[in-house]
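Undergrad: For reference, the structure I am asking about is given below.
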DNA sequence: GCATCATCCGCATAGCCGCACGGATATCGG
DNA sequence: CCGATATCCGTGCGGCTATGCGGATGATGC
């Protein structure tokens with residue numbers, strides 16, 4: 081049955097390409113922030129995440145190239161938000177579930 | 081409210097560390113195979129995924145170090161399976177949902 | 001005991017990636 | 001028109017990592 085078919089190398093790459101976008105602290109936090117607040121500009125994101133504006137800009141550039149975020153210019157300020165086509169599974173299951181998980185980690189992982 | 085709190089850098093790292101384990105084609109396919117078949121040895125995994133045994137061995141070593149898979153020796157053959165403490169969200173939401181997603185990608189992603 | 005096999009390990013290498021830096025562009029206030 | 005501001009872009013570098021290779025280890029069959 082198809083449900084037991086193993087993913088091909090190509091499917092593995094496709095999965096990986098989207099997951100590796102979240103497998104970076106800056107990008108993951110950027111996406112989560114945009115999931116929560118809906119629309120934010122670069123400067124505010126930099127302050128909110130305590131990251132340099134360059135790092136934020138670079139992270140957003142990568143996400144934009146991948147089509148995961150959209151930008152809207154208003155004067156000299158650029159507002160970012162999640163793209164309309166942002167994959168729902170990624171949003172619900174990775175952004176929210178996994179962020180939740182990373183807050184209550186395995187117990188013997190304490191300080 | 082806590083639900084709107086943005087993840088700290090540390091939480092971002094924790095999330096990233098587990099996600100980056102899946103953000104590699106070999107490891108993702110290894111995990112999915114073990115999710116489906118339950119227990120497999122290195123050689124069979126190499127054949128099933130069309131990867132060198134060394135690559136499989138390395139991938140499993142990384143996953144084992146992270147505590148995501150367990151091994152059981154029987155003679156000279158080593159069988160691997162997902163660890164008991166394998167995070168359920170990761171299993172359900174990433175392994176299955178995302179593999180499913182990578183099979184039916186966004187339609188304008190043609191050719 | 002010896003040849004064989006499955007697997008692991010250490011090491012070296014090559015490729016990728018996130019980020020800082022310097023400069024460019026566009027917009028705003030006056 | 002001018003300086004300040006917000007952001008983008010190209011480039012370069014340091015660090016990480018997946019992988020291949022040679023050798024070691026332990027089990028098996030005879």
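Protein chains in written order, with our numbering: chain X, 81 to 191; chain Z, 81 to 191.
Beta carbons: idealized from backbone N, C-alpha and C, even for Gly.
Small disclaimer: the values here were computed from a predicted structure and weren't measured.
Quick check on residue 149 of chain Z: does DSSP put it in helix, strand or coil?
TA: Strand.
Undergrad: Pick out whichever of Z:90, Z:98, Z:159 and Z:163 has its Cα sitting closest to the Cα of residue 174 of chain X.
TA: Closest option to residue 174 of chain X, Cα to Cα, is Z:98.
Undergrad: For residue 86 of chain X, name the three-state secondary structure that DSSP assigns.
TA: Of the three classes helix, strand and coil, the one that applies to residue 86 of chain X here is coil, per DSSP.
Undergrad: Would residue 96 of chain X and residue 103 of chain Z be called neighbours here (beta carbons separated by less than 8 Å)?
TA: Cβ distance < 8 Å, so residue 96 of chain X and residue 103 of chain Z count as in contact.
Undergrad: Do the CB positions of residue 163 of chain Z and residue 139 of chain Z come within less than 8 Å of each other?
TA: Cβ distance not < 8 Å, so residue 163 of chain Z and residue 139 of chain Z don't count as in contact.
Undergrad: Among Z:179, Z:178, Z:170 and Z:176, whose alpha-carbon lies nearest the alpha-carbon of residue 177 of chain X?
TA: Looking at the Cα atoms, Z:170 is the closest of the given residues.
Undergrad: Applying the criterion that 16 or more other CB atoms from any shown protein chain within 10 Å of the CB defines a buried residue, is residue 130 of chain X buried or exposed?
TA: Per the 10 Å Cβ criterion, exposed.
Undergrad: Can you tell me which residues form a DSSP beta bridge with residue 158 of chain Z?
TA: Z:153.
Undergrad: I'd like to know whether the C-beta of residue 91 of chain Z is nearer than 8 Å to at least one C-beta of chain X.
TA: True, the Cβ-Cβ gap to chain X drops below 8 Å.
Undergrad: Show which residues of chain X have a CB atom less than 7 Å away from the CB atom of residue 109 of chain Z.
TA: Result: 86, 87 and 92.
Undergrad: Within 10 angstroms of its Cβ, does residue 190 of chain X collect 16 or more other Cβ (buried), or is it exposed?
TA: Reliability of the predicted coordinates at residue 190 of chain X is poor, the pLDDT of 46 falling under 50, and the value obtained from them is presented with this limitation in mind. So residue 190 of chain X counts as exposed.
Undergrad: Strictly by DSSP, which residues pair up with residue 120 of chain Z?
TA: Z:160.
Undergrad: Against chain X, does residue 127 of chain Z count as a neighbour if the rule is that its beta carbon must be under 8 Å from one of theirs?
TA: No, residue 127 of chain Z lies away from the interface with chain X (no Cβ there is under 8 Å from its Cβ).
Undergrad: If I'm right that residue 182 of chain Z touches residue 94 of chain X with Cβ under 8 Å, what's the distance once you round it to whole angstroms?
TA: Yes, residue 182 of chain Z and residue 94 of chain X are in contact; Cβ-Cβ is about 4 Å, under 8 Å.
Undergrad: What residues in its chain sit with their C-beta under 8 Å from that of residue 121 of chain X, if we drop five residues either side in the sequence?
TA: Cβ neighbours of residue 121 of chain X beyond the five flanking positions: 157, 158, 159 and 160.
Undergrad: With DSSP as the reference, label residue 134 of chain Z as helix, strand or coil.
TA: DSSP places residue 134 of chain Z in helix when its eight states are reduced to three.
Undergrad: By the 10 Å Cβ neighbour count, where 16 or more other Cβ atoms means buried, how is residue 119 of chain Z classified, buried or exposed?
TA: Residue 119 of chain Z should be labelled exposed.
Undergrad: Using a 10 Å radius around the Cβ and a threshold of 16 neighbouring Cβ atoms, would you call residue 123 of chain Z buried or exposed?
TA: Flag for residue 123 of chain Z reads exposed.
Undergrad: DSSP state of residue 35 of chain X, grouped into three classes?
TA: Here chain X comprises residues numbered 81 to 191, so residue 35 of chain X is not present and cannot be evaluated.
Undergrad: Using a 10 Å radius around the Cβ and a threshold of 16 neighbouring Cβ atoms, would you call residue 179 of chain Z buried or exposed?
TA: Burial call: buried.
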